[in-house]
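If you're matching them up, the sequences are chains A and B in order.
Counting in the working numbering, the final residue of the first sequence is number 546, and the numbers go up one at a time with none missing.
Counting in the working numbering, the final residue of the second sequence is number 386, and the numbers go up one at a time with none missing.
Comments concern the structure below.
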Amino acid sequence: MTDPIAYDAQPRRPAWGVRTPLRKSLSTRQPILVAPPPPLVCISLAQCPGAAARATVAPGQRVLCGEPIGEPTGAGRPRFHASISGQVTHVEARLVAGLGAPVPCVVILGDGTDQRWPGYPPDPGADGRSSGDLQAGLAAAGLLGLGGALFPTAHKVHTATGAPVLLLNGTECEAYISCDDALLRERAASVVAGGRLLLAALGGQRCIIAVKTDMPQARVALYNALQACGDPRVVMSVVTAKYPAGGERQLIELVLGREVPAGGHPADVGVLCQNVATAAAAADFFLRGQPLISRLVTVSGGGVARPCNIEARIGTPVSDLMALAGGYQREPRRLIMGGPMMGVALPSDDLAITGATSCLIAATDADLGPAAEEMPCIRCGDCIEACPASLLPQELLVAARTVNAAELATLGVTECIECGACDYVCPSHIPLTRHFIRAKAALAST
Amino acid sequence: MRFATDLPPQWHATVSVGGMMRTVLYALVPALLAHVWFYGAGILLNSGIALLAALATEAACLRLGGKPTAPDLFDGSALVTAVLFAFCLPPLCPWWVTVIGMVFGIGVAKHAYGGLGYNIFNPAMAGYVLVLVSFPEAMALWPAPDIGDLDYLRPDLAATLHYCLLGSLPDGLTIDAVARATTLDSAKEGLGLMRTMDEIRTRPGFGDFGGAGWEWVNNCIAIGGFVLLLRSVIRWHTPAAVLGGLLTMATLAWLLDPNTHPSPGFHLFSGGAMLGAFFIATDPVSSPTTARGRLIYGAGIGILTYVIRTFGSYADGVAFAVLLMNVTVPLLERWTRPRVYGRAG
Ligand code: SF4
Ligand code: SF4
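Next comes the structure, spelled out in structure tokens:
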């Protein structure tokens, strides 16, 4: 290693994966837009998988920005906070972006003052605290994995305690999404500070921040931040811009050359993975006393007038963010939350965003390309080349269609990460991924 | 505002079966032109007849199977099968031979097994082998290439058409005047008569490596093959293994005794080696899907081609080798399954 800051000088080249159009520069031409507190938020108390939090506020009650409104119902569950100051109007089940069924929500009508709750004083000496103290702090902050999985950070750190490597994922391999890129460009110091705090909470030895070859500005900003920080435990690694290089297991393979065993966790190979945005949120909590009340959202696509990255309060309706980005144009065909590969199509823009909303794409026909008719599998093998889990999608398809549970298990459907790469390249336009998602669910329920 | 929804992934690469087939056809254009240059318009005539027969058979089979005809009929796969089949036929070929080959290739080898994607055998090769064993004399009639060889007359379009429609040449032309054995046939026959390769190669029709003229068609086929590689329609494994397998066998034998064994270059540039390596063995449906499977499959075709050319009763062995290896594909696929990520051994 010639360069102490670069963990690995050579970008790693995955054998699997697909190259898609990236279209990130659509939304990175402007600096991050900090949205004013919205007039109304609807905060889901069930953002992460598992039981919902219990509401601790009642309609009519006044809350301050950052005040706890939902307490965990079990160990390892997160706490939720009001993202604006105002009055609680409803505590009820509602639909939010990205989930098919209504979930318990707290609706707050803003008072426009954005008055902060004083309960979390900043703690400039946080990186000297014990791992247990810091983990308790992460739990109090209600931190969730902001890469999209929304797994409670405190719990994830706790179960991996002692893993030597903290891998911060800033690779963002899906097209259109640029919020991590924007974060690194403008707030790299925050990411580095948060990385050191998470490393201390984990009790690890080294923090590797992974970025991609196609983010030159972010890499420079991160490099400078690392130099300014001067902590030799924190380094940067660059991986090839290929989808799905940013998947947890895939990134561990590319950066560290380690293979997470099937059914296992990254901790089994001594790694904890966190998103760069989660690290920045940790820094926001310990150093500024701000719990998880906002996140960066990329608003992009040919269907929106001024694509950009917005720092938005959690619970903001999608339509507010669309308006901030200049409103719709050219009749978007789909409204996608997340990337075009794994993202979900939203039925309406009056749903509220959650911590999982990394990106909103108002996608036109030009964005998505023409729809085509499904043909029989011609056994071209392109899906095999694309699959990051070394599966045989065309054989899985046969097993899924004939509901052959034994064959599905042998072929490894449980290792499918539902990335959609096989679908994307299939010349016969077979919707492979949805067959596998269904088959996995069926296998899990038996 | 409300939006329509769909399950992920929300977009798709701009690839399609039709697009792949179109690329295959474009890649064959240089070889088609070379073919016309050296052998006249016969191949165009045969392609046209083969295409009509292929489409008619496909439409009939789809209708019999109760499937909608429109998308499957025009996916381009029948067109590719027809043109590849026409590449195997001699330019002088009676129409019924072409039709029988295509009816069998599309009707039996493709549709009796379930249609596009389900066939075990390569339809073009199945059709060709049927007519090869049924009409061996018709398959041996290659007109001399147009390379300034004055001993032979070149059949013009009228003569080609006459032969195609009626199965005989117009008055005043005899078969011997326009056609002769291919170089592979000559080599086989000559070696059978204990001649050395050097003696055999002095006969007219031999070029630098293989048959004069045919070498150029082969060069163009190889160019087309590289186009397919560059456009990611095929992967390198199969063609490399086919040519590697054939070359290895031919080189070993040739090093043992260059007098009684044709040179490796002759093997590569004669008969269907190039077409087989780049366009036939790479047919996705009838070949393995895994990289390792493709290497074994291709090597098998290369080796079997050599064995059949050398020891079999037919001059060329590509078509038989492909069909034989087609049978092994399900087995190869089982053997060469990649290790699932994260699982032990
Ligand atoms: S969706 Fe599953 S099968 Fe398809 S490429 Fe991704 S991991 Fe492989
Ligand atoms: S990419 Fe599609 S057509 Fe090709 S083997 Fe896979 S499923 Fe079949």
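Glycine residues also receive a C-beta, built at the ideal position from the N, C-alpha and C atoms.
Small disclaimer: the values here were computed from a predicted structure and weren't measured.
- Closer than 7 angstroms to some heavy atom of ligand 2: that does not describe the Cβ of Leu508/A.
- Taking all protein chains in view, the Cβ of Leu207/B is surrounded by fewer than 16 other Cβ atoms within 10 Å, so the residue is classified as exposed.
- Any heavy atom of ligand 1 counts here; residues with a Cβ closer than 6 angstroms to one of them, in chain order, are Ala486/A, Cys487/A, Pro488/A, Ala489/A, Leu491/A, Pro493/A, Cys516/A, Ile517/A, Glu518/A, Cys519/A, Gly520/A, Ala521/A, Cys522/A, Leu532/A, Thr533/A, Phe536/A.
- Residue side-chain check: Ser528/A places its Cβ nearer than 7 angstroms to a non-hydrogen atom of ligand 2.
- Taking a Cβ-Cβ cut-off of 8 angstroms, the neighbours of His529/A in chain B comprise His53, Ser57, given in sequence order.
- Residue contact check for Thr331/B against chain A: a CB pair falls below 8 angstroms.
- At least one heavy atom of ligand 2 lies closer than 7 angstroms to the C-beta of Thr330/B.
- In the pairwise beta carbon analysis, the region 482-500 of chain A is classified as not touching the region 407-424 of chain A: fewer than three pairs are separated by under 8 angstroms.
- Not one heavy atom of ligand 2 is found less than 7 angstroms from the C-beta of Val274/B.
- Looking at the DSSP output, Glu240/B bridges to nothing.
- The Cβ of Met475/A sits closer than 8 angstroms to at least one Cβ of chain B.
- Residue range 521-525 is occupied by the alpha helix (DSSP H) that includes Cys522/A.
- Put simply, the CB of Leu246/A is far from chain B, with every gap to its CB atoms at 8 angstroms or more.
- Counting only runs of 4 or more residues that sit fully inside the region 320-387 of chain A, the alpha helix (DSSP H) segments are 348-356, in chain order.
- In this structure, the beta-carbon distance from Phe128/B to Gly142/B does not fall below 8 angstroms.
- For the options Arg538/A, Gly117/A, Gly176/A, the alpha carbon positioned closest to that of Ser490/A is the one of Gly117/A.
- Under the three-state reduction of DSSP, Leu492/A is assigned to coil, being neither helix nor strand.
- Leaving aside the five residues that flank Val191/A on each side, the residues in its chain whose CB is nearer than 8 angstroms to its CB run, in chain order, Ala155, Val157, Ala158, Pro159, Pro204, Cys205, Val206, Val207.
- Arg129/A counts as exposed, since fewer than 16 other C-beta atoms from the protein chains shown sit within 10 angstroms of its C-beta.
- Nearest C-alpha to Ala456/A among Ala486/A, Glu167/A, Gly248/A, His258/A: Gly248/A.
- The beta carbon of Ala544/A does not come within 8 angstroms of any beta carbon belonging to chain B, so the residue lies off that interface.
- At least one heavy atom of ligand 2 is found less than 7 angstroms from the C-beta of Leu497/A.
- Scanning Ala153/A, Lys124/A, Ser127/A, His181/A for the CA closest to the CA of Gly415/A turns up His181/A.
- C-alpha of Pro168/A to C-alpha of Gly237/A: approximately 14 angstroms in a straight line.
- Per DSSP, Val498/A has no beta bridge partner at all.
- Under the 8 angstroms criterion on CB atoms, Asp465/A is classed as non-interfacial with respect to chain B.
- Taking 7 angstroms as the cut-off, the C-beta of Gly481/A counts as close to a heavy atom of ligand 2.
- Contiguous beta strand (DSSP E) elements confined to the region 416-468 of chain A occur at 434-437, 459-463, taking only those with 3 or more residues.
- Within a 10 Å sphere around the beta-carbon of Trp52/B sit 16 or more other beta-carbons, which makes this residue buried.
- Listed in chain order, the non-local C-beta contacts of Ala379/A below 7 angstroms within the same chain comprise Leu268, Val291, Gly294, Gly295, Leu298, local neighbours out to five positions each way being set aside.
- The DSSP-derived three-state label of Phe44/B is coil.
- About 20 angstroms separates the beta carbon of Tyr347/B from that of Leu373/B, a gap too long to meet the 8 angstroms contact definition.
- Here the alpha carbon of Pro137/A sits roughly 60 angstroms from the alpha carbon of Asp324/B.
- Unbroken alpha helix (DSSP H) stretches of 4 residues or longer found wholly inside the region 331-382 of chain B: 332-352, 359-376, given in chain order.
- Closest in C-alpha terms to Gly251/B, from the list Ala228/B, Gly286/B, Ala332/B, comes Ala228/B.
- Taken atom to atom, the span from the alpha-carbon of Gly174/A to that of Leu234/A is near 19 angstroms.
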